[in-house]
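One structure below.
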Amino acid sequence: MKQTTTYLIGSIALFAALGVGLVTASNNYGIHTERGGHYLSDEDDDEREGKYAGQRLGFGEDVPRAADPLYLQECGSCHFAYQPGLLGADSWGRMMAGLEEHFGDNAELPDAPHQKIRQYLVANSADRVPAGRSAGFAADADTAPLRITETAYFRHKHDEIPPRMVIDNPELGSWSRCEACHTRAAEGSFDEHEVRIPGVGPWDD
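27 is the number of the first residue of the sequence shown in the working numbering; add one for each residue after it.
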């Protein structure tokens with residue numbers, strides 16, 4: 027009986043250790059390896075700038091999808107509505123502060139929607155809600171890049187794709203066209219197995 031009890035206790039401890047290992051497993055960028063998992067602290071973020079929205083990953087999502095109706099309407103009407111978790115809080119703050127010269131266009135907004143969108147982006151940014159792949163983008167939060175394509179994580183994930191397939195591709199012309207290649211980008215999924223490069227086809231490195 028004593029031997030059986032010892033065996034059971036040992037087995038429980040082993041499975042518990044393995045379970046923790048699976049949940050916390052990550053690569054060099056701190057990315058959760060289990061799709062649908064997330065890294066979220068329980069701290070109260072209400073004192074931070076903007077109320078913490080705390081979006082979690084849904085099934086099949088790599089980053090929480092863009093969900094704010096105002097953001098989708100105002101920003102998504104001109105270009106792909108990039109998920110807040112693809113840049114850090116300071117990056118979104120810088121971007122919203124310079125809408126009068128927004129990558130060659132004037133995208134200024136009245137004060138009320140401007141502040142609401144800024145609050146949403148900052149509260150759900152990569153370093154505030156480092157869920158899934160957002161943990162990788164959060165690594166550049168201190169340098170506050172204005173472009174997702176300037177982040178180390180983006181460059182790392184696209185370094186094997188020849189520029190001719192993107193820059194010289196008449197159907198693309200830019201690395202910023204996430205939705206053109208990632209067939210489920212709007213749903214927050216950036217799985218490489220879902221990539222279809224226009225004029226090229228599937229891509230899997």
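The beta carbon of each residue, even a glycine, is placed where N, CA and C say it ideally should be.
Determine the DSSP secondary structure at Asp94, reduced to helix, strand or coil.
Indexing the sequence shown from 1 puts residue 94 at position 68. Coil at Asp94, not helix or strand.
Tell me Asp131's beta-bridge partners as DSSP assigns them.
For the purposes of this step, residue 131 is taken as residue 105 along the sequence shown, with counting starting at 1. In DSSP, Asp131 forms a bridge with His128.
Run through DSSP, which three-state label would Ile223 get?
Taking the first residue of the sequence shown as position 1, residue 223 is located at position 197. It is a strand residue.
Would you call His219 buried or exposed, if buried means 16 or more other Cβ atoms sit within 10 Å of its Cβ?
What you label residue 219 is simply residue 193 of the sequence shown in a count that begins at 1. Exposed, by the Cβ-count rule.
With three or more beta-carbon pairs closer than 8 Å as the criterion, would you say the stretch 187–194 touches the stretch 154–166?
no
Here's a check: name, in chain order, each residue in its chain whose Cβ is nearer than 7 Å to the Cβ of Ala178, leaving out the five neighbours to either side.
By 1-based counting over the sequence shown, the position of residue 178 is 152. If we look at Ala178 and ignore the five residues flanking it on each side, its Cβ neighbours are Ala165 and Asp166.
Count the other CB atoms, across all protein chains shown, that sit within 10 Å of the CB of Ser247; report buried if there are 16 or more and exposed otherwise.
The chain is shown from 27 up to 231; residue 247 falls before or after that span and cannot be answered.
Restricting to Cα atoms, I'd like to know which of Gly199, Ser151 and Gly114 is closest to Ala93.
The count along the sequence shown starts at 1 and reaches residue 93 at position 67. When only C-alpha atoms are compared, the closest one is Ser151.
Can you give me the Cβ contacts of Tyr97 inside the same chain, cut-off strictly under 6 Å, excluding the 5 residues immediately before and after it?
To locate residue 97, count along the sequence shown from 1; it is residue 71. Closer than 6 Å at Cβ, skipping near neighbours: Ile143 and Tyr146.
On a CA-only basis, which of Leu172, Thr209, Phe129 and Ile187 is nearest Glu87? Give me that one, please.
Working through the sequence shown from its first residue, we reach residue 87 at position 61. Looking at the Cα atoms, Thr209 is the closest of the given residues.
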